[in-house]
Amino acid sequence: ELFNQSTINQFTTPSSPDSSFALGWRINSDDHMHQFFSESAPSTVLGHTGWTGTMTVIDKENQLGICLLTNKRHSHVIDPYKNPNVFAGDQSVISNYGKVIDLIYKAIIS
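What follows is the structure in structure tokens.
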């Protein structure tokens with residue numbers, strides 16, 4: 037056991053006024069979170085994205101953990117003068133977390 041139930045509850049309890057936020061985590065609490073978690077994930081799924089191209093999903097209901105590791109930010113900047121934060125990796129299919137996570141759910145949970 038890494039964490040007791042009280043600690044887990046503290047970090048995963050939805051905050052107000054936005055129930056998609058917990059302490060350090062996002063919760064698949066409504067439709068606007070499907071861009072990260074997919075339409076196939078239950079509303080209780082927790083996750084965290086990283087700016088470099090990572091996504092962690094914890095689905096206690098289905099006993100499933102997903103860790104998506106990409107290097108989309110370690111590609112060239114498309115136009116550094118127009119916007120230095122738009123990378124070539126942002127244009128790839130893998131950069132759409134929700135679609136990738138949805139494919140995983142459809143392949144595993146059916």
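Quick note: my numbering has the sequence shown finishing at residue 146, numbered continuously throughout. Backbone N, C-alpha and C define an ideal beta-carbon position, used for all residues, glycine too.
Residue i and residue j closer than 7 Å at C-beta
i       : j      : result
Val-113 : Asp-95 : no
Ile-63  : Pro-50 : yes
Leu-59  : Phe-47 : yes
Ser-74  : Ser-65 : no
Backbone secondary structure at residue i - three-state DSSP
i       : result
Leu-59  : coil
His-68  : helix
Val-81  : coil
Asp-138 : helix
8 Å CB neighbourhood of residue i in its chain, flanking five on each side removed
i       : result
Asn-132 : Gln-71
Gly-125 : Gly-89, Thr-106, Asn-107, Lys-108, Arg-109, His-110, Ser-111, Ser-131
Gly-101 : Thr-92, Val-93, Ile-94, Asp-95
Beta-bridge pairing of residue i - partner residues as DSSP gives them
i       : result
Gly-125 : Per DSSP, none; premise fails for Gly-125.
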